[in-house]
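Enquirer: Quick one: the structure is below, and I'll ask about it shortly.
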Amino acid sequence: MSGHGPAIPMTSRRSGPLTGSARVPGDKSISHRALILGALAVGETRITGLLEGQDVLDTAAAMRSFGAEVTDHGGGEWSVHGVGVGGFTEPGDVIDCGNSGTGVRLIMGAMATTPITATFTGDASLRSRPMGRITDPLAQFGTLAHGRQGGRLPMTLVGVADAVPVRYTLPVASAQVKSAVLLAGLNCLGQTVVTEPTATRDHTERMLRGFGAEVNVEVGARDRIITLTGQPELQPQSIAVPRDPSSAAFAVCAALIVEGSDVLVPNIGLNPTRAGLFTTLQEMGADLTFEDPREEGGEPAVDLRARFSPGMKGIEVPPERAASMIDEYPVLSVVAAFAEGATLMRGVHELRVKESDRIDAMARGLELNGVTIEEDEDSLTVHGLGAGGMPGGGCAEARLDHRIAMSFMVAGLAAKKPVSIDDGSPIATSFPVFEPLMAGLGAQFTRNNG
Ligand code: S3P
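In short: position in the sequence shown from 1, add 43, done, that's this note's numbering.
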């Protein structure tokens, strides 16, 4: 939904040890895909552990608008009665994807090769984000797109009948673009080929295979080539969504910087294409243990334990790791502020086109809390002040960005003075139980509006 309620100003205070189990919600990327592929299968897909954040609820509503029957059975259990590949019907109204870039971009791909017209919009954050990266490859299938200047939403897509498959090389490392092209390729007779210069999260490829599509992946020295055979009959699945490592990151990073903490995050997805943050934290000297590694529903999973790590050191995070931790740089920059020495994050220009310009949002917010920052178009350097060293006392702008809001709430747990944010309402897009879950571990969070 694009309408945001009133702003929720929040404050986070230095807290005692964080302890206990953090049962974070289901993976956002996998939840979107489960709903979309469920809608494109013939018959009933059952999903457990679905993330019930606003982003995913908006995708569920969109799938209903395209003709699928989506039912919430309570307690994270959902079912989707799909309409089959090419079976989407034309929505009767505008599709509102709220805050979700993943939602809108994947859905655009999924409808692009069906002869229907759909208009998409979203909140102020989503309406400011570039859609040309999706509509350019979709144009190669023959899909027409009419948006605002700069390829922004609201935007109308006119899907195409009998599309021929395309070969596309990603100009940016983006799982959303890769997935949109593969989903468009589903309804084309023949093979759609996507080449990615850097491996990005591969949930779409894994799940397409799970639904019975033929997906071949060739990993070369310089790239990854994905070939999808179009027009499969997707078979409905039972999907158990693993817990989201990107949400787990907030509890894990909080435990690393709050004195005396020991937190277990059970059963998180640890797909290697998502695990870059944990490698980086270990290089900094974080005390992390990965317990009981296993496979859950086609995705690697572990129980992750994080303990207070007072001696962490700043490091250089290499650009080739960016795709595997792209959503974790905001919270990493908070950890970096509590490490000794500088942390240099390179190759991070994609952060400028997320829910907010995340380099600018983190830089300004950290400066307001007494941390020295350097930045350029493609990098961010945080000068760490050691354990407990961040002065705090500032109010950061969340800029309609859930991960910026949660990162500063984590910072306040270990800063000398409280850290505030102007608006915590976007947190509900990906982590609706963030406040009670963190409070259960011992975090002192307050809402400031009465
Ligand atoms: C996502 C891909 C990433 C990520 C986003 C989720 C996905 O975006 O930032 O939160 O589920 O495919 P990009 O593909 O733009 O890097």
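Every residue gets a Cβ at the ideal spot worked out from N, C-alpha and C, and that includes glycine.
Keep in mind that this is a model prediction, so the values were computed, not measured.
Just to confirm before moving on: does the CB-CB distance between residue 387 and residue 352 stay below 9 Å?
Expert: Residue 387 sits at position 344 when you count from the first residue of the sequence shown. Residue 352 sits at position 309 when you count from the first residue of the sequence shown. No. Outside cutoff.
Enquirer: Give me the residue from 205, 137, 122, 178 with the minimum Cα distance to residue 74.
Expert: If you number the sequence shown from 1, residue 74 lands on position 31. Ranking the options by Cα distance to residue 74, first place goes to 122.
Enquirer: Could you name each continuous beta strand (DSSP E) segment of 3 residues or more that falls completely within the stretch 407-478, going from the start of the chain to the end?
Expert: 415-419, 422-428, 462-464
Enquirer: What alpha helix (DSSP H) runs, 4 residues minimum, are completely inside the stretch 164-249?
Expert: 167-170, 175-184, 218-228
Enquirer: Is the beta carbon of residue 216 within less than 8 Å of some heavy atom of ligand 1?
Expert: Position 173 of the sequence shown holds residue 216. Within the cutoff, so yes.
Enquirer: In terms of DSSP beta bridges, what is residue 71 paired with?
Expert: What you label residue 71 is simply residue 28 of the sequence shown in a count that begins at 1. Looking at the DSSP assignment, residue 71 forms no beta bridge with any residue, so it has no partner.
Enquirer: With 16 as the cutoff for other CB atoms within 10 Å, does residue 64 come out buried or exposed?
Expert: Counting from one through the sequence shown, the residue named residue 64 turns up at place 21. With fewer than 16 Cβ atoms within 10 Å of its Cβ, residue 64 is classed as exposed.
Enquirer: Does ligand 2 have a heavy atom nearer than 8 Å to the CB of residue 369?
Expert: Here the bound small molecules are ligand 1; ligand 2 is not part of this structure.
Enquirer: Using only the alpha-carbon positions, how far apart do residue 490 and residue 371 sit?
Expert: As a working mapping, residue 490 is identified with position 447 in the sequence shown. As a working mapping, residue 371 is identified with position 328 in the sequence shown. Distance between the alpha carbons of residue 490 and residue 371 is about 24 Å.
Enquirer: Judging by CA-CA distance, which residue of 333, 290, 223, 164 is the nearest neighbour of residue 179?
Expert: In the sequence shown, the residue the question calls residue 179 occupies position 136. Residue 223 is the option with its Cα nearest to residue 179.
Enquirer: Cα separation between residue 190 and residue 200?
Expert: The residue given as residue 190 occupies position 147 in the sequence shown. The residue given as residue 200 occupies position 157 in the sequence shown. For residue 190 and residue 200, the distance between alpha carbons rounds to 9 Å.
Enquirer: Please report the residue range of the alpha helix (DSSP H) in which residue 151 lies.
Expert: Taking the sequence shown and counting its residues from 1, the one referred to as residue 151 is at position 108. Per DSSP, residue 151 belongs to the alpha helix (DSSP H) from 144-154.
Enquirer: At which residues does the alpha helix (DSSP H) containing residue 98 begin and terminate?
Expert: Stepping through the sequence shown from its first residue, residue 98 is reached at position 55. Under the DSSP assignment, residue 98 falls in the alpha helix (DSSP H) whose first and last residues are 97-108.
Enquirer: Taking 7 Å as the limit between beta carbons, can you name the residues of its chain near residue 252, skipping five residues before and five after?
Expert: Taking the sequence shown and counting its residues from 1, one reaches residue 252 at position 209. Correct list, in chain order: 258.
Enquirer: Give the single residue among 66, 230, 60 whose Cα lies nearest to the Cα of residue 126.
Expert: As a position in the sequence shown, residue 126 is number 83, starting the count at 1. When each option's Cα is compared against that of residue 126, the closest is 230.
Enquirer: Excluding the five sequence neighbours on either side, which residues of its own chain have a C-beta within less than 6 Å of the C-beta of residue 326, listed in chain order?
Expert: Locating residue 326 in the sequence shown gives position 283, where the first residue counts as 1. If the five residues before and after residue 326 are omitted, its C-beta is found closer than 6 Å to the C-beta atoms of 358, all from its own chain and listed in chain order.
Enquirer: Can the beta-carbon of residue 139 be found less than 9 Å from the beta-carbon of residue 163?
Expert: Here the question's residue 139 lines up with position 96 in the sequence shown. Here the question's residue 163 lines up with position 120 in the sequence shown. Against a cut-off of 9 Å, the Cβ pair of residue 163 and residue 139 comes out as a contact.
Enquirer: Compute the minimum distance between the beta carbon of residue 219 and the heavy atoms of ligand 1, and state whether it is under 8 Å.
Expert: On the sequence shown, residue 219 is found 176 positions in, with the first residue counted as 1. For ligand 1, at least one heavy atom lies less than 8 Å from the Cβ of residue 219.
Enquirer: Could you work out which residue in 308, 487, 316, 344 is closest to residue 331 when comparing CA atoms only?
Expert: As a working mapping, residue 331 is identified with position 288 in the sequence shown. The shortest Cα separation from residue 331 among 308, 487, 316, 344 belongs to 308.
Enquirer: Considering only the beta carbon of each residue, do residue 416 and residue 406 sit closer than 9 Å?
Expert: By 1-based counting over the sequence shown, the position of residue 416 is 373. By 1-based counting over the sequence shown, the position of residue 406 is 363. Closer than 9 Å, so yes.
Enquirer: Answer yes if the stretch 464-476 comes into contact with the stretch 445-452, meaning at least three C-beta pairs across the two stretches below 8 Å, and no otherwise.
Expert: yes
Enquirer: Once you ignore the five residues that flank residue 266 on each side, which residues in its own chain have a CB closer than 6 Å to its CB?
Expert: For the purposes of this step, residue 266 is taken as residue 223 along the sequence shown, with counting starting at 1. So the list reads 238, 240, once near-sequence residues are dropped.
Enquirer: My guess is that residue 76 and residue 355 are in contact by the Cβ rule of under 8 Å, so how many angstroms apart are they, rounded?
Expert: Indexing the sequence shown from 1 puts residue 76 at position 33. Indexing the sequence shown from 1 puts residue 355 at position 312. Between residue 76 and residue 355, the beta carbon gap of about 34 Å keeps them out of contact (Cβ cut-off 8 Å).
Enquirer: Let me know if residue 420 comes out buried or exposed under the rule of 16 or more other beta-carbons within 10 Å of its beta-carbon.
Expert: As a working note, residue 420 is residue 377 in the sequence shown. It counts as exposed.
Enquirer: Quick one: grab the DSSP three-state call for residue 392.
Expert: Position 349 of the sequence shown, counted from the start, is the residue given in the question as residue 392. Of the three classes helix, strand and coil, the one that applies to residue 392 here is helix, per DSSP.
Enquirer: Can you have a look at residue 98 and say buried or exposed, based on whether 16 or more other CB atoms are within 10 angstroms of its CB?
Expert: Within the sequence shown, the letter at position 55 stands for residue 98. In the assembly as shown, residue 98 is a buried residue. Its beta-carbon has 16 or more other beta-carbons within 10 Å.
Enquirer: Could you tell me if residue 281 is buried or exposed, where buried requires 16 or more neighbouring beta carbons within 10 angstroms of its beta carbon?
Expert: Taking the sequence shown and counting its residues from 1, one reaches residue 281 at position 238. Result: exposed.
Enquirer: Three-state secondary structure (DSSP) at residue 132?
Expert: Against the sequence shown, residue 132 aligns to sequence position 89. In this structure, residue 132 counts as coil in the three-state DSSP scheme.
Enquirer: State yes or no: is the C-beta of residue 448 nearer than 8 Å to some heavy atom of ligand 1?
Expert: Position 405 of the sequence shown, counting from 1, holds the residue named residue 448. Incorrect: residue 448 has no Cβ contact closer than 8 Å to ligand 1.
Enquirer: Please report how far the alpha carbon of residue 382 lies from the alpha carbon of residue 395, in whole angstroms.
Expert: Start at 1 with the first residue of the sequence shown, and residue 382 comes out as number 339. Start at 1 with the first residue of the sequence shown, and residue 395 comes out as number 352. So the two alpha carbons sit approximately 24 Å from each other.
Enquirer: I'd like to know if residue 241 contacts chain C, where contact means its C-beta is closer than 9 Å to some C-beta of that chain.
Expert: In the structure shown, chain C cannot be found, because there is only a single protein chain.
Enquirer: Using a Cβ-Cβ cut-off of 8 Å (strictly less than) and excluding sequence neighbours within five positions of residue 116, which residues of its own chain qualify?
Expert: The sequence position of residue 116 within the sequence shown is 73, counting from 1. Closer than 8 Å at Cβ, skipping near neighbours: 122.
Enquirer: My understanding is that residue 350 touches residue 298, with C-beta atoms under 8 Å, so please give their C-beta distance in whole angstroms.
Expert: As a first step, residue 350 is located in the sequence shown; it is residue number 307 there, counting from the start. As a first step, residue 298 is located in the sequence shown; it is residue number 255 there, counting from the start. The Cβ separation is near 7 Å, so the contact holds.
Enquirer: Whole-angstrom Cβ separation of residue 433 and residue 458, contact assumed at under 8 Å?
Expert: Taking the sequence shown and counting its residues from 1, the one referred to as residue 433 is at position 390. Taking the sequence shown and counting its residues from 1, the one referred to as residue 458 is at position 415. Going by Cβ atoms, the distance from residue 433 to residue 458 rounds to 4 Å, so yes, they are a contact pair.
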